[in-house]
Structures are given as C-alpha cells and as structure tokens.
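One structure is given here, and the rest of the page talks about it.
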Amino acid sequence: MKYWLDLYRANLRVAIASMLQYRFTILIWAVWGFIGPLISLAVWSAVSAARGGTIVNKANGASFAAGDFAAYFLVYMVFGHLMMSWDAFEFAMRVQNGGLSPALLKPVHPIHRDAASNIAFKLTTSAMLLPVWAILFWLLKPHIVLNAFSLLAIPALAVACVLRYVLQYSLALVAFWTTRVDAINQLYFTLDSFLAGRIAPIALMPAWIAAFALYSPFRAMGSFPVELALGRVPPEQILPGFALQGVWLVVAVVLLRTLWEAGIRQYSSVGA
Amino acid sequence: MRYLRLLKVLYRTSIQTDMEYRADFFTRIVASLLGLVATVGGLAIAYGYTSTLKGWTYQQVLVLVAVYYVMDGLTEMFIAPNMRNVMTQVREGTLDFVLLKPVSAQFLASFRTIVIWRAANVLVGIGLTAYAVGRLGAHIGIGQAASFALTMAAGCAVVYSLWLFLVTLTFWFVRVDNIEQIVWQGFEAARYPIEIYPAWLRGALTYGIPVAFIITIPAQALSGRAGQMPLGVACAVGVISLAASSFFWRFGLKHYTGASA
Amino acid sequence: MVEAQIVLKGLEKVYRVHEREAGVGASIRSLFQRKYKDVRAVDSVSFTVEAGEIVGFLGPNGAGKTTTLKMLSGLLHPTGGEAHVLGHVPWKREPAYLKHIGLVMGNRNQLTWDIPALDSFSVNQAVYAIPEADYRQTLKELVELLELGDVIKKPVRNLSLGERMKCELAASLLHRPKVLFLDEPTLGVDVSMQVRIRQFIAEHNAKYGATILLTSHYMADVTALCKRIIVIHRGRLLYDGPIDALSERIAPFKLVTVDVENAEAAALVAQFGEVVEQDGLKVTLRLPRTETSAVVARLLQDLPILDLTVADPPIEAVIEQVFQEAPKNEVLA
Chain A
14 MKYWLDLYRA NLRVAIASML QYRFTILIWA VWGFIGPLIS LAVWSAVSAA RGGTIVNKAN
74 GASFAAGDFA AYFLVYMVFG HLMMSWDAFE FAMRVQNGGL SPALLKPVHP IHRDAASNIA
134 FKLTTSAMLL PVWAILFWLL KPHIVLNAFS LLAIPALAVA CVLRYVLQYS LALVAFWTTR
194 VDAINQLYFT LDSFLAGRIA PIALMPAWIA AFALYSPFRA MGSFPVELAL GRVPPEQILP
254 GFALQGVWLV VAVVLLRTLW EAGIRQYSSV GA
Chain B
600 MRYLRLLKVL YRTSIQTDME YRADFFTRIV ASLLGLVATV GGLAIAYGYT STLKGWTYQQ
660 VLVLVAVYYV MDGLTEMFIA PNMRNVMTQV REGTLDFVLL KPVSAQFLAS FRTIVIWRAA
720 NVLVGIGLTA YAVGRLGAHI GIGQAASFAL TMAAGCAVVY SLWLFLVTLT FWFVRVDNIE
780 QIVWQGFEAA RYPIEIYPAW LRGALTYGIP VAFIITIPAQ ALSGRAGQMP LGVACAVGVI
840 SLAASSFFWR FGLKHYTGAS A
Chain C
20 MVEAQIVLKG LEKVYRVHER EAGVGASIRS LFQRKYKDVR AVDSVSFTVE AGEIVGFLGP
80 NGAGKTTTLK MLSGLLHPTG GEAHVLGHVP WKREPAYLKH IGLVMGNRNQ LTWDIPALDS
140 FSVNQAVYAI PEADYRQTLK ELVELLELGD VIKKPVRNLS LGERMKCELA ASLLHRPKVL
200 FLDEPTLGVD VSMQVRIRQF IAEHNAKYGA TILLTSHYMA DVTALCKRII VIHRGRLLYD
260 GPIDALSERI APFKLVTVDV ENAEAAALVA QFGEVVEQDG LKVTLRLPRT ETSAVVARLL
320 QDLPILDLTV ADPPIEAVIE QVFQEAPKNE VLA
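Protein chains in written order, with the numbering used here: chain A, 14 to 285; chain B, 600 to 860; chain C, 20 to 352.
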C-alpha cells in the first residue's frame, strides 16, 4: 500500500511540474471541455425561449425551464472536466512511434503513470478554471435545486471518473491492432453524446434512446452523477444506478486486463 | 500558367503518397458519418420540441450543417495541413528552403500538399446538402445557385486568409498552435445558427473569427433565408481579406529575413 | 576572362537581442522595460570569389559563417554593407537569382519526410522549371555520381543519414546552380561517405565549373577540396588566402620530431625548444620557422639521434591557434 502511495506521489509531483510548464497550452486544452456544454446550453435555451420558457416531455413528465438547463449543463461542465480523459489519443501515438517500449521496461503497469498524470491535469486545471466556472455560474443564472440525496453525487462522480478512465484506456488499447483509431474514437464520441446525456438531458430524449441510455455504461459515467446532484434521480432508482455503475466497472476492468494481455502479446510479436 | 503546372505536380506527388494509405478513406468516411449523426441527431431532438429555432427551420439548419461539413472538409484538405506545415518549418528552420525557391513563397507554402482523404467530410457535406435542399422543397434557381457558389468562394477566401494570418504570426511568436486551437473552437460553434448564442459571442463569431461569414452566409444564400448580405459585399470581403492577409504575410516575411531590423 | 561571382563589401549583420534575466520578477519587469544588446554576427566582411572556385569558409561555432551564407543566399537582410552574387543583390530574392543558386544545410532537410526523394525531385523540377530532357540527364548523372540507385525510390524517412545527405545534395543540384553554398554537408556522416561526398563535390565543380563556398567542421573536407580558405572569427575576417600559406603566415612554426637513443638524451631535448609531445624516446618540438635549421643542426650535433623529421603543423592545429590568438590578431588578409 505504501508502495502505491509513494509511486503515485512521485508521479504526481513530476506530472504537476510539467503541467505548470505548459500552463497556457493546458488551459486551452481544458477550455475545449467548455464548448460542448455551452453549445448544448445555447441550443436548449433557444428551444425553451421558443416554447415560452418551459419544456415538458409529455411521455415521462420531465420538465425543464431555462434555469434548469443552465444548471444541468453547467454542473455537467464541471463534472465533465473531472471525468475527462484523453488517453486514447496519446496511447495510439505512443504505440505508433515506439514511445511505449520504454514504459514496458518498468516494473509497474504504465496505466499508473498515465492515471497520475490524468489526476495532475485535473488538479492543476481545476484550480485554474475555478474562477471561470464561478463567473459562468454567476452569468448564466442556473436554477440549482439540491435534495437530500445530492451529496451522493460525490461517490457517483468518483466511480464515474474511474469507470470512464478504465473504459477509455481499454479503447486506447485497440491501437495495438490497428493504426486507425480515429473511427473508433468517433464512434465512442457519438455514442457518448447521446447516451451520456451530453447534447440533451436523457429525460428529454426520444423514449427508445432514453431506454438504451439508462442501461448503458455511458450514462453511468456521464449524466448519472449530474442528475443525482440536481435531485433528478427518483429515490427508488438511486440504488440501481449505483449497482449499474458497479457492474460496468467490473466489466471494464476485466475488459482492460484481457485486452492488455492480448495486446502486449501482439505488440511484442510484431516487434516493439 | 506556370503556377498551374506547378500545382499539378505538387498535388500529384501528395496524392501518390496518400494512395498508400487508402484504407484511411473508409475510416474517415465512417468517422465523418458518425460525427454527422451526433450533430444532426442533437438538432433533431431539439427540433422535437419546437418547429423553429431563432427563425431557422430544421431544413434550413440542415443546410447550415451541410455547409459546415463542406467548409471544414475543404479546409482540412487544402489549407490546414499546409499551414500547420509552415508552423513546423518556422520552428525547425526549414522554411529557408521554401524561400530559396524561385517562385512565390506564399504560393509554395500554401499549396504544397493536399490531404485527399479529408475529402470524406466534403462528400458527406455534399450528400447532406443535396438531401437538405430536397427536404427544403424549394426550387433552387440559377441565381440562387450562383450566389451560393460565390458566397462559398468568398468563405473559402476568408478561411484561407485567416489561416495565413495565423501562420504569419509564427514569424514573431514561434508557437501559435494555441491560437489555432481557439480558432478551431470557434469553428466548432458555427455548425449551429449563431443567433442562438449570446450577443458577445455572436459578435466574436461574426467579427473576430468570422465563422458567421464563412458558414452562415453561404447557408443563407442556398436556403434562401432572409437577412442575406448583398453579394457584392460578400465578394468584396473575400477579396479584401485575401489582399490583407497576403500583405501581412509579406510584411512578416520581411521581419523574418531581418529586413525591418 | 573570369569575373568575380561573389563580391562582398563590408557586409554586416547586427542582431538586436532581447536580454532576459532569470526569475519571475525579472521577466515581468522585462515586459515593460526591455534591455537590448547588439550582437555583431558579421562585422564588415569583404571578399570576392571568382567563377569556378571552391573556397573553404572556416570559423568556430558562432563565428558568423551561417549568417553570411544566409545573407548570400537571400535568406537574411544585412544591416550594412553590400554583396553581389552573379550580379544580383541576394536579399532582393529575385527569381532570376534564386534559379541559379543552391544551398545545402547539413542539419536541415528540404526533402519531404514521408515520400521518396524522387517525388521531391520532380517537385523541384516544376519549381525551377527544368525542361524534361535536362532533368532526365542531370538526374541520371547525379544518380550515377552519388551512387544513389534505388535509394531515391524509398521514402526519405527510411534512409540512413548518409543516403539522405546525398539525396539532399542531388535535390540542390538538379537545377545545376552556378553558385552553391554548402553548410556542413558532411555533418554526422560516416567517414567513407564523407570521402564519397567530397569526391562528388570536386567532380561536380570540375564538370560544371560551379562556384562553391563551403563550410565544414571536418578539416579533411577543406584540405581535400579547397585551395583557398577564408577564416572568420566573431564576425570578423581573419584570413583570406591559399590554404598552404596559412600556416606560414599565421603559425610560423615547424614541428621537429626526434627519436633519441636513451632517456637522458630525451630529457635534454627540452632545452632546445618547446616540447609539444613526448612518447617514450620520441619527442616533438615546436620551433620558430626561422630558427628551425639552426636548432636541427645543433640537435644532431649534441644528442645521440636515431631519426629526425621536420614537418608543418597540421592545419587543424593552425586553425585552432588562429582562433585562440584571434583577439590580439589583426586582420591578416
């Protein structure tokens, strides 16, 4: 245990130091995360304005006013930043240019170093973004309603972060077999836009997409913590929600291990 | 004439190289279609609750998305790879070889390569344009088609000028890839009608990074929406931006070779 | 009648460098109040090169060699003085001028990384508007002379450093430049490849009478190719003349090596002059040129000598000495 703590501490220190070197670049990177939620918010604000203020999905009774959209997309912006991972891109690059080989010589799985740098990124950029978030919350006037279960969003967010990280890393491993990960990344991104409730709250989506989304890993590592924080998950669905997160996490870890072992065999047979 | 021949050779060599990566084309088409699903799907969900969005009907917005795809594809095919190349060349000092050649440096720097598989976005965009225009149900006359072509050309000129301007900044700052990212983010926002954005962002997207000009105006010309910019003005903007960016490039080049020191 | 092809008159390049101190405070201060320092990279350099000459352009790192070459090839504007190459002012960058020059930089590539050199060549053909027949002819010659063979059909990224350098040379020679600037053409290339490239440069010069200005860190390149050298240091011209005369003029010394019979004699050798090297019973002395014969006579007379040789110091050592003593030397040209 102490070994792991020391390992992460050392890796974190290095990662944070190098992040600070490139703070401007890193910040620009982080601002990328703003674009999606803000565009979605703009679209839905326009829709709600066109409908006189509040939108109701007649199929399930879900209702969103302008302030609710602001709350949903702003909280999603913050949570989304904390859940973000870009390992798929980097990993593919490393496999292609041979940068992976030195990492394989180390006695520790490279995922730990990557995870540490992911955490470092989130720590440094969150500190930098805090004032920006504060201004956006103040400007866009979200209507935030908390309820007794809102605090549960914190563990849900933690699981979501790990789940998204592990799943993305598994996806990145596809680079072992093909140099064209673009299409796979795009598929992931497209599914994520709908099923994780990024382009619209799942409650407002057509029934068939919503049904699909509710059981998908995307919602578990996407809008679930956001909905929980804003009190939009009915109490009887909270426990199943967490259970689903757990199931997907197990599946993701198994997937990662299997893919990793097979991938390394492939990598070493082709010639690292 | 000589430049046309040169262009032919340059593009031929780069297409020959791309042919080695033929499978890329399918990857790009798949990626492009998936991206389209995300954009159009999102819009379709929104339009499930309303029939117009700040005056834009669903069909008109589809035209807008289509123009976005065509423009984005053309940029990534013809302009962006060359401009990114110049940025690297300035950093590594190999731009010197471009300057040594007995032809216009701007020409050689701007049209060195073409990434042919990026045509995927252009094709998907054209397909969507045809579909959207069909859905629009309106008859597109010659005049409308011509004004669409002209505004597209003007839009391309503005995109090119914007890139050239950015690249010229590298003569002073060396690292401008961050600014490039910001421009790109602005582009991302332009696949939706800019009327949905708050006033300040609308201003930035119209006058700062003129994506409104590049995408919204051709889309309006094709879908026959009101509020069009007079054709003459659109063409003038295109020509002026070309001239201005070319002037700035030459000015930057002078600085680069130390003529201003 | 051959006329001068490269003429420099008091060419000068002064860089304004922003002085930056370490520390956050200093860097914030420098936002408002910048300190500048003038660096004279090239300081009123004048020389002329005749058509068909190969001239070695020497100097330590930062002497101003590359800056001078860049000005002559039109990549940099000077801050003072003038230069004419082939009758053109280089930094006007007229196409008519650029068509007739070539520049090879050992540490930079003009060839596109991902495509075969042959494709880059055909781009150059279009850029320089080389007629098809001439292009074929020149390419054939270059491929033969440089022993390129199939190398030009492989993507450049798969080539060795030496192969890449040969392709770079070929790319810069396709348009048969009348004036060729070579900046470290053998940098990092292995010895046998250096010899090959050297031979090629000599042959090319002999065949087309191209004027060549060459910089190199490898003195062997210079001694093999150049009869004349120009030495600059800290932007100033130190020497311009025949390579053989350099040692005479700058380093009026001879090296005398003696093999003596025993250790006592070896110890005594030091009395006759400055010992630069001693290897057992073999001792090397450095003697002023004018005194050499007298000292040699005395050596032979006083000591039990088995063998004695008199030699000029190696050119490397001479150049080394020039740079060390440069600050006190005036222009020797």
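C-beta: ideal position from N, C-alpha, C; glycine also.
(Q) A/Ala83 and A/Leu153 - do their beta-carbons sit closer together than 8 Å? (A) Contact: yes.
Q | Positions along the stretch 785–802 of chain B whose CB lies within less than 7 Å of some CB in chain A | A | Hits within the stretch, in order: Glu787, Ala788, Tyr791, Ile795, Tyr796.
**Q.** Where B/Ser822 falls, given that 16 or more other Cβ within 10 Å makes a residue buried
**A.** Classification for B/Ser822: buried.
(Q) Using the Cβ count rule (16 or more neighbours within 10 Å means buried), how would you classify C/Lys54? (A) Exposed.
(Q) Counting only Cβ pairs nearer than 8 Å, list the residues of chain D close to A/Asp81. (A) Any reference to chain D falls outside this structure, whose protein chains are A, B and C.
Q) Under a CB-based cut-off of 8 Å, is C/Ala145 close to chain B? A) Yes, C/Ala145 lies at the interface with chain B (some Cβ there is under 8 Å from its Cβ).
Q) Beta-carbon of B/Gly726 versus every beta-carbon of chain A: anything under 8 Å? A) Closer than 8 Å: no.
Q. Roughly how many whole angstroms lie between the Cα atoms of B/Ala756 and A/Lys119?
A. Rounded to whole angstroms, the gap between the alpha carbons of B/Ala756 and A/Lys119 is 51 Å.
Q.
With a threshold of 8 Å between beta carbons, is B/Ile781 in contact with chain A?
A. Chain A, which has a Cβ nearer than 8 Å to the Cβ of B/Ile781, makes this yes.
Q: Quick one: residues in its chain with C-beta nearer than 8 Å to the C-beta of A/Ser98, no 5 flanking neighbours on either side, listed in chain order?
A: Around A/Ser98: Asn131, Arg177, Tyr178, Gln181, Tyr182.
Q) Residues of chain B with a CB under 9 Å from the CB of C/Arg127: which are they? A) Near C/Arg127 (Cβ distances below 9 Å), the residues of chain B are Glu691, Gly692, Thr693, Asp695, Phe696.
Q | Unbroken alpha helix (DSSP H) run spanning C/Gln297, endpoints | A | Following the DSSP letters along the chain, one finds C/Gln297 in no alpha helix (DSSP H) but inside the beta strand (DSSP E) bounded by residues 293–298.
Q) Between C/Gly254 and C/Gly29, what straight-line distance do the alpha-carbon atoms span, to the nearest angstrom? A) Rounded to the nearest whole angstrom, the C-alpha separation of C/Gly254 and C/Gly29 is 11 Å.
Q: Please name the residue, chosen from C/Ala70, C/Glu335, C/Lys84, C/Val277, that lies closest to C/Ile249 on a Cα-to-Cα basis.
A: Sorting C/Ala70, C/Glu335, C/Lys84, C/Val277 by C-alpha distance to the C-alpha of C/Ile249 places C/Lys84 at the top.
Q. Based on the DSSP secondary-structure assignment, which residues constitute the bridge partners of C/Asp259?
A. Under DSSP, the beta-bridge partners assigned to C/Asp259 are C/Ile249.
Q. Which residues in chain B sit within 8 Å of C/Leu277, going by Cβ to Cβ distance?
A. In the sequence under discussion, the amino acid at residue 277 of chain C is Val, which differs from the Leu named in the question. Taking a Cβ-Cβ cut-off of 8 Å, C/Val277 has no neighbours in chain B, whose nearest Cβ is about 51 Å from it.
Q.
Rounded to the nearest angstrom, what separates C/Lys301 and C/Ala239 at their Cα positions?
A. Between C/Lys301 and C/Ala239, the C-alpha separation is close to 26 Å.
Q) Using a C-beta to C-beta distance shorter than 8 Å, which residues of chain B count as neighbours of C/Pro114? A) Here the neighbours are Pro701, Val702.
**Q.** chain A within 8 Å of B/Leu652, Cβ atoms only
**A.** For B/Leu652, the nearest beta carbon of chain A is closer than 8 Å to its own beta carbon.
Q | Close beta carbons around C/Met20, own chain, < 8 Å, minus the five adjacent residues each side | A | Here C/Met20 scores only 39 on pLDDT, less than 50, and its place in the model should not be relied on; the value that follows carries that caveat. Annotation for C/Met20: no residue places its beta carbon closer than 8 Å to its own, counting only its chain and skipping 5 residues before and after.
Q) Relative to chain A, which residues along the stretch 654–668 of chain B have a C-beta separation below 7 Å, given in chain order? A) For the stretch 654–668 of chain B, which is checked against every Cβ of chain A, not one residue is closer than 7 Å.
Q: Could you tell me the boundaries of the alpha helix (DSSP H) in which B/Thr612 lies?
A: Where B/Thr612 is concerned, the enclosing alpha helix (DSSP H) stretches over 601–618.
Q | Sub-8 Å separation of C/Val162 and C/Leu130 beta-carbons | A | With contacts defined as CB atoms closer than 8 Å, C/Val162 and C/Leu130 fail to qualify as a contacting pair.
Q | Near-chain B residues of the stretch 139–172 of chain C - C-beta to any C-beta below 7 Å | A | Residues passing the 7 Å Cβ filter: Ser141, Val142, Ala145, Val146, Tyr147, Ala148.
**Q.** Environment of A/Val267 [buried if 16+ CB atoms lie within 10 Å]
**A.** When all chains shown are included, A/Val267 counts as exposed.
Q) Does C/Lys185 have its Cβ less than 8 Å from a Cβ in chain B? A) Taking Cβ atoms only, chain B never reaches closer than 8 Å to C/Lys185, which makes this a no.
Q: Could you tell me whether the Cβ atoms of B/Ala789 and B/Tyr667 are closer together than 8 Å?
A: In contact: B/Ala789 and B/Tyr667 (Cβ atoms closer than 8 Å).
Q. Apart from the five residues just before and just after A/Arg126, which ones in its own chain have a Cβ nearer than 6 Å to its Cβ?
A. Within the same chain, Cβ atoms closer than 6 Å to the Cβ of A/Arg126 are found at Asn24, the five residues on either side in sequence being excluded.
Q: Could you check if A/Lys15 is buried or exposed, using at least 16 other CB atoms within 10 Å of its CB as the buried criterion?
A: By the neighbour-count rule (16 or more Cβ atoms within 10 Å), A/Lys15 is not buried but exposed.
Q. Looking at C-alpha atoms only, which residue of B/Val732, B/Ala748, B/Val838 is the closest neighbour of B/Tyr657?
A. Looking at the Cα atoms, B/Val732 is the closest of the given residues.
**Q.** Residues bridged to A/Ser76 (per DSSP)
**A.** Looking at the DSSP output, A/Ser76 sits in a beta bridge with A/Val69.
Q | Span of the beta strand (DSSP E), counted from its first residue to its last, around B/Val737 | A | It is Ala, not Val, that sits at residue 737 of chain B in the sequence shown. If you look at B/Ala737, you'll find it isn't in any beta strand (DSSP E); DSSP assigns it neither H nor E.
**Q.** Stretch-stretch touch, CB-based, cutoff 8 Å, three pairs: the stretch 191–207 of chain A with the stretch 625–638 of chain B
**A.** Contact between the stretch 191–207 of chain A and the stretch 625–638 of chain B is present, because at least three Cβ pairs lie under 8 Å.
Q: Buried or exposed for C/Leu322, please, with buried defined as at least 16 other CB atoms from any protein chain shown within 10 angstroms of its CB.
A: With 16 or more Cβ atoms within 10 Å of its Cβ, C/Leu322 is classed as buried.
Q) Any C-beta of chain B sitting closer than 8 Å to the C-beta of A/Arg193? A) For A/Arg193, the nearest CB of chain B lies under 8 Å from its own CB, placing it at the interface with that chain.
Q | Limits of the alpha helix (DSSP H) - the one that A/Glu302 falls within | A | What is shown of chain A runs 14 to 285, which leaves residue 302 of chain A out entirely.
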